[in-house]
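J.: Per my numbering: the sequence shown = residues 348 to 1506. Note that beta-carbon positions come from the ideal geometry of N, C-alpha and C, so glycine has one too.
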Amino acid sequence: MKFLLRITAFCLVSRLGQSRMVEENLKTEIPVVDLEENGVSEQSSDLVSALDKDDDEGKGKSKHVGANMSRPNTRNKNKRLRQGENEDVTSEILRKIHRTGEITKDDVNRLYMISKPVCQGGCRVNSKDNPNCFCGLAPPPNGSRKSGLWQKLSNVIQTLGPDPSINLRSSPGSPVGLTNLGATCYANSILQCLYMNQSFRKGLFSVEHNVLKQHPVLDQLARLFAQLHSSKMSFIDSAPFITTLELDNGVQQDSHEFLTLLLSLLERCLSHSIVTEARTIVQDLFRGSVSHVTTCSKCGKDSDASSNMEDFYDLELNVKGLKNLDDSLNDYLSVEKLHGDNQYFCETCKARVDATRSIKLRTLPDVLNFQLRRCVFNPQTSTKKKITSVFCFPRQLNMRKRLCEPHQDELLYDLSAVLIHKGTAVNSGHYVAHIKDDNTGQWWEFDDENVSNLGLHPFGEGSSSSSSKSIHAEQIVHPSSSEGLNTFASENHRNGVQPQSSESTIPHHSEFFSSVDAYMLMYNRRHANNGERRSEVHSADIMEMEVDANFCCNGISLPSYLLEEMKKCNASYLDACQEYKLKKDKEECHIKERREEVRSILSEAPVQSLEEPYYWISTDWLRMWADNLSPPKIDNTPIQCLHEKIPLSKVGFMKRVSAVAWTELYSKYDGGPELSNNDHCRDCLIDRARTMVSADSYRDRRKLMVDVAKDALAINCLDGRYFVSKPWLQQWVKRKIIDAPCEADAGPIVSITCPHGQLMPEQAVGSKRVLVPSNLWLFFYEDAIAVRPDDNCGFLNFTSDCLECPQCSGELSEVACLEDSLREVKLKQRHNHEKLATGKSIPLSVNCKNYLVPSSWLTKWRNYIIASGKNIAAHAEPEILDGVIDSLKCEKHLQLLERPPDLVCRRGSIFQKGSTTDGLTIISENDWQCFCEEWGCAEEKGISAIIEISNAAGTKLPGTSEEIPVCEDHLIPNDEVNNEIEYGQPVIRTSPEICEDCIGERKSHELMQKLNYSNEDIYVVLVRGKEPPRSILEASETAFEPDRRVSKRFRKTSNGSMINLKVSGSTLLYQLKMMIWESLGIVKENQILHKGLKVIDQEGATLADLNIFPGDKIWVQDSEIHAHRDIADELSDDKMKGQHTEEGFRGTLLTANTSSRVV
348 MKFLLRITAF CLVSRLGQSR MVEENLKTEI PVVDLEENGV SEQSSDLVSA
398 LDKDDDEGKG KSKHVGANMS RPNTRNKNKR LRQGENEDVT SEILRKIHRT
448 GEITKDDVNR LYMISKPVCQ GGCRVNSKDN PNCFCGLAPP PNGSRKSGLW
498 QKLSNVIQTL GPDPSINLRS SPGSPVGLTN LGATCYANSI LQCLYMNQSF
548 RKGLFSVEHN VLKQHPVLDQ LARLFAQLHS SKMSFIDSAP FITTLELDNG
598 VQQDSHEFLT LLLSLLERCL SHSIVTEART IVQDLFRGSV SHVTTCSKCG
648 KDSDASSNME DFYDLELNVK GLKNLDDSLN DYLSVEKLHG DNQYFCETCK
698 ARVDATRSIK LRTLPDVLNF QLRRCVFNPQ TSTKKKITSV FCFPRQLNMR
748 KRLCEPHQDE LLYDLSAVLI HKGTAVNSGH YVAHIKDDNT GQWWEFDDEN
798 VSNLGLHPFG EGSSSSSSKS IHAEQIVHPS SSEGLNTFAS ENHRNGVQPQ
848 SSESTIPHHS EFFSSVDAYM LMYNRRHANN GERRSEVHSA DIMEMEVDAN
898 FCCNGISLPS YLLEEMKKCN ASYLDACQEY KLKKDKEECH IKERREEVRS
948 ILSEAPVQSL EEPYYWISTD WLRMWADNLS PPKIDNTPIQ CLHEKIPLSK
998 VGFMKRVSAV AWTELYSKYD GGPELSNNDH CRDCLIDRAR TMVSADSYRD
1048 RRKLMVDVAK DALAINCLDG RYFVSKPWLQ QWVKRKIIDA PCEADAGPIV
1098 SITCPHGQLM PEQAVGSKRV LVPSNLWLFF YEDAIAVRPD DNCGFLNFTS
1148 DCLECPQCSG ELSEVACLED SLREVKLKQR HNHEKLATGK SIPLSVNCKN
1198 YLVPSSWLTK WRNYIIASGK NIAAHAEPEI LDGVIDSLKC EKHLQLLERP
1248 PDLVCRRGSI FQKGSTTDGL TIISENDWQC FCEEWGCAEE KGISAIIEIS
1298 NAAGTKLPGT SEEIPVCEDH LIPNDEVNNE IEYGQPVIRT SPEICEDCIG
1348 ERKSHELMQK LNYSNEDIYV VLVRGKEPPR SILEASETAF EPDRRVSKRF
1398 RKTSNGSMIN LKVSGSTLLY QLKMMIWESL GIVKENQILH KGLKVIDQEG
1448 ATLADLNIFP GDKIWVQDSE IHAHRDIADE LSDDKMKGQH TEEGFRGTLL
1498 TANTSSRVV
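1) What separation, rounded to the nearest whole angstrom, lies between the Cα atoms of K1431 and T1414?
2) Tell me, please, which residues DSSP counts as bridged to K707.
3) So, helix, strand or coil for G1018, using DSSP?
4) Does the Cβ-Cβ distance between L957 and I461 come in under 8 Å?
5) By the 10 Å Cβ neighbour count, where 16 or more other Cβ atoms means buried, how is M867 classified, buried or exposed?
6) Note down the Cα distance separating W1009 from S491, rounded to an integer number of angstroms.
7) Can you list, in chain order, the stretches of the alpha helix (DSSP H) that have 4 or more residues and sit fully within the segment 962-1047?
8) On the criterion of 16 or more Cβ atoms from any shown chain inside 10 Å, does D1030 qualify as buried, or is it exposed?
9) Between C924 and L515, how many whole angstroms is the CB-CB distance? I'm expecting something under 8 Å.
10) For G770, I'd like the list of residues in its chain whose CB is within less than 7 Å of its CB, leaving aside the five on either flank, ordered along the chain.
11) To the nearest angstrom, report how far apart G529 and S581 are at their CA atoms.
12) Return the Cβ separation of L1243 and L1235 in integer angstroms, given the expectation that the two are a contact with Cβ distance under 8 Å.
13) Tell me where the beta strand (DSSP E) around M867 begins and ends.
14) Just tell me which of R1493, V714, V700 has its CA closest to the CA of D631.
15) Distance, Cα to Cα, T526 vs W497?
16) Rank G1018, A1091, S1426, L995 by C-alpha distance to the C-alpha of V1134 and give the top, closest one.
17) Suppose the cutoff is 7 Å on Cβ atoms and the five residues either side in sequence are ignored; what does the same chain contact list for P978 look like?
18) Among the residues of its own chain, which have a CB less than 6 Å from the CB of S553, if the five just before and after it don't count?
19) Output the boundary residues of the alpha helix (DSSP H) element that contains M913.
20) Can you say whether S1215 is buried or exposed, counting buried as having 16 or more other CB atoms within 10 angstroms of its CB?
21) What do you get for C936, buried or exposed, if any count of 16 or more other CB atoms within 10 angstroms of its CB means buried?
22) Could you say if the segment 1024-1038 and the segment 1068-1083 meet the contact criterion of at least three C-beta pairs nearer than 8 Å?
23) Is the segment 935-951 close to the segment 581-600, with three or more CB pairs under 8 Å?
24) Compute the distance between the beta-carbons of P1201 and L1267, then report whether it is under 8 Å.
25) Tell me, to the nearest whole angstrom, how far the beta carbon of S536 is from that of L766; I am working on the premise that it is less than 8 Å.
26) Could you tell me which residues DSSP pairs with R1513 in its beta bridges?
27) So, do the segment 1330-1339 and the segment 1421-1437 have three or more beta carbon pairs nearer to each other than 8 Å?
28) Please report the distance separating the alpha-carbon of C693 from that of E657.
29) Note down, one range per segment and in chain order, each alpha helix (DSSP H) of at least 4 residues found wholly within the segment 1142-1200.
30) Should Q1464 be labelled buried (16 or more other beta-carbon atoms within 10 Å of its own) or exposed?
31) For Y1417, count neighbouring C-beta atoms within 10 Å of its own C-beta (all shown protein chains included) and say buried if the count is 16 or more, exposed if not.
32) Which runs of the alpha helix (DSSP H) spanning at least 4 residues fall entirely within the segment 539-576, listed in chain order?
33) Within this structure, are the beta carbons of S1361 and S1411 separated by less than 8 Å?
34) Do you know whose CA, among W963, F1456, K1050, D601, lies nearest Q987's CA?
35) Quick check on this structure: which residue in L1076, C1149, G495 has the alpha carbon closest to the alpha carbon of T506?
36) Which parts of the segment 608-662 are runs of the beta strand (DSSP E), unbroken and 3 residues or longer, counting only runs that do not cross its ends?
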């Protein structure tokens, strides 16, 4: 196959100069099918077809040419020509140009790949090897891209900004939402309830303009209601009103408390109005009255305070242990017996007597609000919890017999709103409101900005939610008076209760609803003329809507000043919607036109024949034109050479387009320059040919030089004359052979040239050298000049008879002498301290004088004297011994600050038991004297240590250390033990003596530092079982080692899981339990913590108080006594405690001059 390719290349180079017979033989020998079957790219067959075309043109066989052009072979047309084959063809053409100095049209066509076939759209990406390939510049007809002109239209429209029409109100009669500013859902729900009350809304709109200006809260509320009433937007910004009330947007508050304070504030502000309907609207709609009646059981008279009436905006009902609204009302109006220590002092009887106490309903408002007390306080955990039990309430409510003086008419109330608190935590969650439109009977869900229709039921048609649903009345079984109260009695009325009325508040055949999240219930009183009013309102509504449907709804019109303001706001909003629509339509039209333009021009871009005129255009600009919405001017300068023509090196960066396509592009985008089919740069081609021939010559020469260099490195070169760096030559041989010298080829003698410009001594580091012959040196010299013509150092040469630099040789000799001297000193010290140098244990003699030195200094000295070779630099010289000994003595008493090592008896001898890094080590008197001479210290400054035997177990020699424990496991029979230690224990007497005061003070300081740790690791192991394994107990009791390496990963153990936690000495045990809860999922009440065998409790204590230090291992067991709960509840309670939740609305406008008569 290689032979056939060579013949093909030879024929293509020879072209028409060869005989027709050779060509026929070639065509017979190399069939196209054979090439395809062997996996060879069809570029070779295409070149053969081009050869046929040229010959046929010379002979006038146009018919044969047309056949070849009309039916191109498209199999594997997208495969690129192998790089080696393409380079071979180009090289042959360039060599011919260099040899002959002539450039033919055929040479240009083949070098610039003009004769390559036009792609038919099968390429996955645009081909750089084919200037006739326009694939990939535009996606398929139904395709898209991530950015640019061809991205999805929706993504392009997003760049225009948000579409204001998305927030367009669905219809004038549909309600709209309110924005949540962070945690203002509680306020939004209450505001929606007030707005949907038509009487309240109408009363607010009737307030005089000057009164509104005097009270900003009223003014902002009226503007907010006006926007809810007539705005074209689907939700309204509540920020102005919230800001006026000076509320904190980021703090969740109680909606019931907000309603009570807001009504009280509005009542005070509205009292300045002279319009009767507006001045008393709050009292008329929301205020009722109760009295707390205490009756003497002996005389039957009520107390004087029983006649006092107190106003209310809502009734707070218990839900704990109660199933429905009727039970809660019975509980609220129940009678409490006062007896025993809780007896009542009767003014009539003049004595403490048994009595009863109850709440009497005196008057009821038109809007009756029930607040369900779902929050209870747990005294055991000092936390608040939410009651999430199911609670039932009716659609209709009859309160006639609930009054202390029964009303003559039916007091029927219809359910109008349900305020819902979602979430399990008390101090977090989300408020939504389900409110009924009195005019249509439709229920709506108000969830901040989102408002959705629920149909005719408060929780949606056919609701099956687990949190709320509707049920039929016959499903509710009402308990009898005594049975129900005994079963569901409130915790606040444990002393015996009786209902005020045994009859149910709920009318027969009433529909019931149940919910686990209902927090407030609002009922509207039904009047006798309600139907007449509704029909009147409906007719008036139709008349008003004929006048102005946009600003009158349900018979309620806006005041004139608000009407004008809303018209301006709506006009501005509609203008913004229209402006966005025009901008969107314009952008869509522009995109459509650009896409059509790109596809049209790309279809006209291919050049169909070699004779047809064409133009060159930059591929980069063509990509920008095909991808961008607004392309720049045509820029062909990147594909021009210095002669302002087209060089061969830019073939992969440009495309060949037809004259038609170029004319359309140039007429629309201008720019340039214009590069036609005659603008190929002949100068660059000739220079390229010359460079290529030169590169071939350089490669061939370098191959020969590489062989010479290998012989030089192998010392097989006998005619070596010039020195070069041996490491540099080794790298040079390994480098890839390229067309010209590179930067790495410069400086063959840089590393062997000393700072004085002479030959570096070979003993110096990195100065190894090798001799090379003259021809190799000349090759290196030429490369160095070509790469660095101005580098004088690169032109130096060192012949074989060149002498080394005397100055550098002298310096190296001095260093060598110093090293030899140091080596001798170390060897001498190893001989003087033979046993100490090896680190072996040395037996100690009784009553012999020894000395103490720091173990750390001794370890550093030992590493220093045994280091050799490359390890010398890693071990520094130890400090002067004089200063080291001084550091062992306290400045105040000049006594010893360290305790001597412990002693142990083994095989009848006494050995010291010490550490190589901490404490002191005992050395012999001879070693000490040698150290004083070697490391500069006076012998008398040493710390002497004499081993003596104590006379009795309980005695202690003066000036000795603490009693030394002897390892009994290694004791031997008495007849083998030295006589000196037969009847006592060895102790060490030091001079100077040990300073107990200073050591105690230092220990206290170290302990304080240990207690004040911060951001350190401790380890918690979850033990699954009754007892932990021994390995965990031992690890728990191990002392902390600050330098030990520990793993930071969460890993499994055979008995459970182990985690590491970052803690400080001031971390509370409670906080540690919360960390364990978050990591291991064990609620803090179930955690039993241990350190060793000790149980750790006291949640208020710090870890330092409990002796928990960095590196300690704590093990925990799960008691599984308490039920699992979400850690978010605990965290939210902690957060609210930190924020002092008892402050509530303190500091806001709601608590300014609050009336005290509202309960």
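T.: Straight from the coordinates:
1) Numbered from 1 along the sequence shown, position 1084 holds the residue referred to as residue 1431. Numbered from 1 along the sequence shown, position 1067 holds the residue referred to as residue 1414. Straight-line Cα distance between these residues: approximately 15 Å.
2) Along the sequence shown, one-based indexing puts residue 707 at 360. Here K707 is bridged, per DSSP, to S638.
3) Position 671 of the sequence shown, counted from the first residue, corresponds to residue 1018. Residue state, collapsed to three classes: strand.
4) Here residue 957 corresponds to residue number 610 of the sequence shown, with the count starting at 1. Here residue 461 corresponds to residue number 114 of the sequence shown, with the count starting at 1. Cβ atoms of L957 and I461: closer than 8 Å.
5) Residue mapping note: residue 867 aligns to position 520 of the sequence shown, counting from 1. Looking at its Cβ environment, which holds 16 or more other Cβ atoms inside 10 Å, M867 is buried.
6) As a first step, residue 1009 is located in the sequence shown; it is residue number 662 there, counting from the start. As a first step, residue 491 is located in the sequence shown; it is residue number 144 there, counting from the start. The alpha-carbon atoms of W1009 and S491 are separated by roughly 26 Å.
7) Listed in chain order, the complete alpha helix (DSSP H) runs (minimum 4 residues) inside the segment 962-1047 are 966-974, 1006-1016.
8) One-based indexing of the sequence shown puts residue 1030 at position 683. Burial check for D1030: the Cβ neighbour count within 10 Å stays below 16, so the residue is exposed.
9) As a working mapping, residue 924 is identified with position 577 in the sequence shown. As a working mapping, residue 515 is identified with position 168 in the sequence shown. Right, their Cβ atoms sit about 7 Å apart.
10) One-based indexing of the sequence shown puts residue 770 at position 423. The residues G776, H777, in chain order, have a CB closer than 7 Å to that of G770 in the same chain once the five nearest residues on each side in sequence are set aside.
11) Along the sequence shown, one-based indexing puts residue 529 at 182. Along the sequence shown, one-based indexing puts residue 581 at 234. The C-alpha of S581 is placed about 19 Å away from the C-alpha of G529.
12) Walking along the sequence shown from the start, residue 1243 turns up at place 896. Walking along the sequence shown from the start, residue 1235 turns up at place 888. At roughly 6 Å, the Cβ-Cβ gap stays under 8 Å, so L1243 and L1235 are in contact.
13) Within the sequence shown, numbered from 1, the residue matching residue 867 stands at position 520. Here the beta strand (DSSP E) through M867 covers 865-872.
14) Taking the sequence shown and counting its residues from 1, one reaches residue 631 at position 284. Among R1493, V714, V700, the Cα nearest to that of D631 belongs to V714.
15) Along the sequence shown, one-based indexing puts residue 526 at 179. Along the sequence shown, one-based indexing puts residue 497 at 150. Looking at the two C-alpha atoms, the distance is approximately 36 Å.
16) The residue given as residue 1134 occupies position 787 in the sequence shown. That would be A1091, whose Cα lies nearest to the Cα of V1134.
17) Taking the first residue of the sequence shown as 1, we reach residue 978 at position 631. Same-chain partners within the cutoff: M971, W972, Y1016.
18) As a first step, residue 553 is located in the sequence shown; it is residue number 206 there, counting from the start. Same-chain partners within the cutoff: V622, E624, A625.
19) In the sequence shown, counting from the first residue as 1, residue 913 sits at position 566. In the DSSP assignment, M913 falls within the alpha helix (DSSP H) that extends over 907-951.
20) Here residue 1215 refers to the residue found at position 868 of the sequence shown. The Cβ neighbour count for S1215, taken over all protein chains shown within 10 Å, is under 16; the residue is labelled exposed.
21) Within the sequence shown, numbered from 1, the residue matching residue 936 stands at position 589. Per the 10 Å Cβ criterion, exposed.
22) They do not touch, by the three-pair rule.
23) No, the segment 935-951 is not in contact with the segment 581-600.
24) Position 854 of the sequence shown holds residue 1201. Position 920 of the sequence shown holds residue 1267. Cβ distance < 8 Å, so P1201 and L1267 count as in contact.
25) Taking the first residue of the sequence shown as 1, we reach residue 536 at position 189. Taking the first residue of the sequence shown as 1, we reach residue 766 at position 419. Yes, they are in contact, since the Cβ atoms of S536 and L766 sit about 6 Å apart, within 8 Å.
26) Because the chain here runs from 348 to 1506, residue 1513 falls outside it and cannot be looked at.
27) Output reads no: the segment 1421-1437 does not touch the segment 1330-1339.
28) Residue numbering aside, residue 693 sits at position 346 when the sequence shown is read from its first letter. Residue numbering aside, residue 657 sits at position 310 when the sequence shown is read from its first letter. Approximately 22 Å, taken between the alpha carbons.
29) Runs of the alpha helix (DSSP H) inside the segment 1142-1200: 1153-1179, 1181-1185.
30) Numbered from its first residue, the sequence shown carries residue 1464 at position 1117. Around the beta carbon of Q1464, 16 or more other beta carbons lie within 10 angstroms, which makes this residue buried.
31) What you label residue 1417 is simply residue 1070 of the sequence shown in a count that begins at 1. Exposed, because fewer than 16 other Cβ atoms sit within 10 Å of the Cβ of Y1417.
32) Restricting attention to alpha helix (DSSP H) runs no shorter than 4 residues, the segment 539-576 encloses them at 545-552, 556-561, ordered along the chain.
33) Mapped onto the sequence shown, residue 1361 falls at position 1014. Mapped onto the sequence shown, residue 1411 falls at position 1064. Yes, the Cβ-Cβ distance between S1361 and S1411 is below 8 Å.
34) Here residue 987 refers to the residue found at position 640 of the sequence shown. The shortest C-alpha separation from Q987 is found at W963.
35) What you label residue 506 is simply residue 159 of the sequence shown in a count that begins at 1. Relative to T506, the option among L1076, C1149, G495 whose CA is nearest is G495.
36) Fully enclosed beta strand (DSSP E) runs of 3 or longer: 635-643, 657-659.
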